[in-house]
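Structure record follows, encoded as structure tokens.
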Amino acid sequence: MFRFKNLWLKFGCFLSGYNYKLLMSCSEASKKAVKKYTSALLIIMIIWFLIGMLFSQEYIRLSLIGSIFSGLILTIIVIQIERQIILGVKDIRSSLFRITLGIVMAIIGSVIVDQIIFKEDIEKQKLLRVDKEVNEKLPQKVKEIDNQMAYFQSEINKKEKERIDLLEEITRKPTINMPSYTTERIPGKVKRSVIENGTPIVKEFDTIYVKKKYESHAVQNPKATILNELDSQIKDLRINRTELSKQKSNIRKNFETELLNKKGFLDELEVMFDILTSSVISLIVWCLWFLFFLIIELLVIASKLLEPENDYDKIIKHQMNIRKLALDKLMIPKE
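For the sequence shown, numbering that gives the first Met the number 0 begins at 0 and goes up steadily by one.
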């Protein structure tokens, strides 16, 4: 049991910043004060750890490990703030500053917790706001889809007219005559005059006569290949128009889903404000949570200000005064 008490005091000194060795030489009143600080700090740590974790999960969309890490960081920050009060002297200005900070932290904590508690009510209110926003913006979105569908229909009409004209031309001229020729090589003799020994004579030489034969043959009209391309283009345009038609039929549902999936802290804060201003019961519940967080935040400063100064604080002040006197003596110039 003695070891457990010492362990608890060591943990309390670690949280509050007290010197454990100096505390053990003090009275039971000082140890009791550290135990009270430890209990208050543990309450504050647990609450702000949960607030940081829940806030990270709900709005920053972190994983479980990331949310736990965020909660630990927020807890460390809060502990450092509380140490400023525990280790500080009793001063009106610092007390007012801490009270103001406590009010701000209480408001933040109550807002975050209430947004989680009133989650179902917030979702209902968001549905009403989403329905109103959809009714306002839906005609514009429908008009945009109608314009796109009209464009695709216009392109389809152009392509279909082009296809009909091309089909008529192909029907009139399914084939066209294409010229061609064949070449035939015929061996023969040719006589040429040559001079031999100064005397002109006629000799025969071998040669090849090239004979070309021209003719024409019917081939399929090459514009038939363009017909296949037009069919493919018309098919793609109709698919796009069908997709837009499906979007138009489901546009309200898709728009509502899109707005509901956008979960922002400020958006829900506005919804929460509407709920509080429209319902007295909701406002009372929020005030109760606010008071709870405010009291929790002011536990440490209340313990610091309302209780009389213990011997630990007096020892710290005494050591500080002795050190000041020693420094003052060192600074006095010798005559």
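From the three backbone atoms N, C-alpha and C, an ideal C-beta is built for every residue, glycine too. Since the structure is predicted, the reported quantities are computational estimates derived from the model, not experimental observations.
Query                                                                                                                                                             : Result
Let me check one thing: in DSSP terms, what residues is I106 bridge-paired to?                                                                                    : In DSSP, I106 forms no bridge with anything.
Over what stretch of residues does the alpha helix (DSSP H) that includes C25 continue unbroken?                                                                  : No alpha helix (DSSP H) holds C25; DSSP gives it neither H nor E.
Using a threshold of 7 Å, state whether the C-beta atoms of R184 and V209 are closer than that.                                                                   : yes
Quick one: grab the DSSP three-state call for K210.                                                                                                               : strand
So, are the CB atoms of W47 and L73 less than 7 Å apart?                                                                                                          : yes
For F172, which three-state DSSP category applies?                                                                                                                : In the sequence as presented, Phe is not what sits at residue 172; that position holds Lys. Residue state, collapsed to three classes: coil.
Can you have a look at Q114 and say buried or exposed, based on whether 16 or more other CB atoms are within 10 angstroms of its CB?                              : buried
Alpha carbon to alpha carbon, how far is M148 from D235?                                                                                                          : 13 Å
For M23 and E267, I'd like the C-alpha separation in whole angstroms.                                                                                             : 51 Å
Using the three-state DSSP reduction, which class does E306 fall into: helix, strand or coil?                                                                     : coil
What is the DSSP secondary structure of G65, reduced to helix, strand or coil?                                                                                    : helix
DSSP puts E183 in a beta bridge; with which residues?                                                                                                             : K210
With distances taken between CB atoms, is the gap from L282 to L275 smaller than 7 Å?                                                                             : yes
Who does Q152 pair with in a DSSP beta bridge?                                                                                                                    : Its beta-bridge partners do not exist; DSSP assigns none.
Provide the residue(s) that pair with Q219 in DSSP beta bridges, ordered along the chain.                                                                         : T174
Check whether the segment 22-42 touches the segment 303-320, taking contact to mean three or more Cβ pairs, one atom from each stretch, closer than 8 Å.          : yes
In three-state terms, what does DSSP make of L324?                                                                                                                : helix
Measure the C-alpha to C-alpha separation of I295 and D145 and round it to an integer number of angstroms.                                                        : 59 Å
What do you reckon, are the CB atoms on A39 and V299 nearer than 7 Å?                                                                                             : yes
Write down the C-beta distance between S69 and M44 rounded to the nearest angstrom, noting that I regard them as a contact closer than 8 Å.                       : No, S69 and M44 are not in contact; Cβ-Cβ is about 14 Å, not under 8 Å.
What does the alpha-carbon distance come out to for the pair D226 and L166?                                                                                       : Strictly speaking, residue 226 in this sequence is Leu, with Asp absent from that position. Approximately 8 Å, taken between the alpha carbons.
For R162, which residues from the same chain have a beta carbon less than 8 Å from its beta carbon, with the 5 sequence-adjacent residues on both sides left out? : L226, L229, D230 and I233
I need the straight-line Cα distance from D120 to I102, nearest angstrom please.                                                                                  : 26 Å
Exposed or buried, M0, counting other C-beta atoms within 10 Å across all chains shown (16 or more means buried)?                                                 : Model confidence at M0 stands at a pLDDT of 45, short of 50, so the residue's coordinates are unreliable and nothing is read from them.
Determine the closest residue to K30 out of K245, L95, N5 and L41, with distance taken between C-alpha atoms.                                                     : N5
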